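If you read the protein sequences in the order shown, they are chains R and C.
First residue of the first sequence? That's 192 in this note's numbering, and the numbers climb one at a time after it.
First residue of the second sequence? That's 327 in this note's numbering, and the numbers climb one at a time after it.
All C-beta atoms, glycine included, are put in the ideal place defined by N, C-alpha and C.
The model shown is predicted, which means the values in this text are computed figures rather than measured ones.
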Amino acid sequence: EVQLVESGGGLVQPGRSLRLSCITSGFTFGDDAMSWFRQAPGKGLEWVGFIRSKTYGGTTEYAASVKGRFTISRDDSKSIAYLQMNSLKTEDTALYYCTRGRRLVVGGTLLFDYWGQGTLVTVSS
Amino acid sequence: DTVMTQTPLSLSVTPGQPASISCKSSQSLLHSDGKTYLYWYLQKPGQSPQLLIYEVSSRFSGVPDRFSGSGSGTDFTLKISRVEADDVGIYYCMQGLHLPPTFGQGTKVEIK
Chain R
192 EVQLVESGGG LVQPGRSLRL SCITSGFTFG DDAMSWFRQA PGKGLEWVGF IRSKTYGGTT
252 EYAASVKGRF TISRDDSKSI AYLQMNSLKT EDTALYYCTR GRRLVVGGTL LFDYWGQGTL
312 VTVSS
Chain C
327 DTVMTQTPLS LSVTPGQPAS ISCKSSQSLL HSDGKTYLYW YLQKPGQSPQ LLIYEVSSRF
387 SGVPDRFSGS GSGTDFTLKI SRVEADDVGI YYCMQGLHLP PTFGQGTKVE IK
């Protein structure tokens, strides 16, 4: 059974940093991309970024709203994905979800099939 | 960015009746590999989103066959043949072809 469990959320002041973790199990972590999404209170879903598998270079992509402030990384030996968030702003307040990004065919785009339950980040003074 | 527009934004359905949600994208979601990267998710109250449909019409593992997806290019539809109480929540379409991946505003489905 595929499982993703996020942790690391909490209350943080504007300008500070926070690191979220996504502990996974039930699949071969190194074979898949890992992505982060967020949902501000009462709002819709927003993609934050993803990290490709090593097979696809382990490179990252980010939403414009977080580029230069957020960094996604992965530890394939531990099956954990991370979201390092720096220079946090009040508008980063949201429930953050990690997801698996599966490529169904070589060269195809990512399918975000399994989602964790989310971890809440509140940025406030 | 690719804009995804869903209609209606809310829907109240009698159990056993059908429901339909439309999703339009601002640009084609047809990839050169012949696949169309349009997905449907359901976010039940208090839960994380769950994948229902991928590549326009393929049901994800465990999704009941009362859910079906159709469409091509820029126009897509999610249909529920007979709505059940467990189907309440917010339905989102999402495109995965163009970076960044983008979602529709969501359609809230309630039971009458």
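Span of the beta strand (DSSP E) around residue i
i	result
aspartate 391 (chain C)	Here aspartate 391 (chain C) belongs to no beta strand (DSSP E), and DSSP marks it neither H nor E.
lysine 434 (chain C)	433-437
glutamine 332 (chain C)	330-333
serine 338 (chain C)	336-339
alanine 345 (chain C)	345-351
valine 409 (chain C)	Looking at the DSSP string, valine 409 (chain C) is not in any beta strand (DSSP E), and its letter there is neither H nor E.
serine 262 (chain R)	Residue identity differs from the one stated: residue 262 (chain R) is threonine in this sequence, not serine. Here the beta strand (DSSP E) through threonine 262 (chain R) covers 261-266.
phenylalanine 228 (chain R)	224-230
glutamine 421 (chain C)	415-421
phenylalanine 241 (chain R)	236-242
tyrosine 247 (chain R)	Premise fails: tyrosine 247 (chain R) is in no beta strand (DSSP E) and is neither H nor E.
leucine 377 (chain C)	376-380
glycine 200 (chain R)	Looking at the DSSP string, glycine 200 (chain R) is not in any beta strand (DSSP E), and its letter there is neither H nor E.
According to DSSP, residues forming a beta bridge with residue i
i	result
phenylalanine 303 (chain R)	R:Gly292
glutamate 192 (chain R)	According to DSSP, which records beta bridges pairwise, glutamate 192 (chain R) is partnered with nothing at all.
tyrosine 363 (chain C)	Tyrosine 363 (chain C) pairs with nothing; no bridge assigned.
leucine 311 (chain R)	R:Leu286
arginine 210 (chain R)	R:Gln275
tyrosine 253 (chain R)	R:Gly240
leucine 404 (chain C)	C:Ile347, C:Gly395
leucine 356 (chain C)	C:Thr362
Proximity test, Cβ basis, 9 Å: residue i and chain D
i	result
threonine 300 (chain R)	No chain D appears in this structure, whose protein chains are R and C.
Cβ pair residue i, residue j closer than 9 Å
i	j	result
threonine 428 (chain C)	serine 398 (chain C)	no
leucine 286 (chain R)	arginine 293 (chain R)	no
phenylalanine 386 (chain C)	aspartate 304 (chain R)	yes
aspartate 359 (chain C)	glycine 299 (chain R)	yes
tryptophan 306 (chain R)	proline 375 (chain C)	yes
valine 314 (chain R)	aspartate 266 (chain R)	no
alanine 254 (chain R)	glutamate 237 (chain R)	yes
valine 312 (chain R)	valine 203 (chain R)	yes
glutamine 332 (chain C)	glycine 432 (chain C)	yes
methionine 330 (chain C)	glycine 430 (chain C)	yes
tyrosine 288 (chain R)	glycine 259 (chain R)	no
glutamate 381 (chain C)	leucine 295 (chain R)	yes
Distance between beta carbons of residue j and residue i, contact taken as under 8 Å
i	j	result
leucine 211 (chain R)	glycine 221 (chain R)	Their Cβ separation, rounded to whole angstroms, is 20 Å, which puts leucine 211 (chain R) and glycine 221 (chain R) out of contact at 8 Å.
tyrosine 367 (chain C)	leucine 378 (chain C)	6 Å
aspartate 223 (chain R)	serine 198 (chain R)	That belief does not hold up - the Cβ atoms of aspartate 223 (chain R) and serine 198 (chain R) are roughly 20 Å apart, past 8 Å.
isoleucine 263 (chain R)	threonine 251 (chain R)	5 Å
threonine 403 (chain C)	serine 351 (chain C)	The pair is not a contact, with the Cβ atoms about 13 Å apart (cut-off 8 Å).
phenylalanine 261 (chain R)	glycine 240 (chain R)	6 Å
glycine 342 (chain C)	valine 389 (chain C)	Not really, about 19 Å apart at Cβ, beyond 8 Å.
glutamine 353 (chain C)	histidine 424 (chain C)	7 Å
aspartate 412 (chain C)	valine 435 (chain C)	No, aspartate 412 (chain C) and valine 435 (chain C) are not in contact; Cβ-Cβ is about 11 Å, not under 8 Å.
* To do: Decide if the segment 213-220 of chain R is in contact with the segment 330-339 of chain C; the criterion is three or more beta carbon pairs, one per stretch, under 8 Å apart.
  => no
* So does the segment 276-290 of chain R actually touch the segment 344-351 of chain C, counting three or more Cβ pairs closer than 8 Å? -> no
* To do: Please determine if the segment 412-420 of chain C and the segment 218-229 of chain R are in contact, where contact requires at least 3 C-beta pairs separated by less than 8 Å.
  => no
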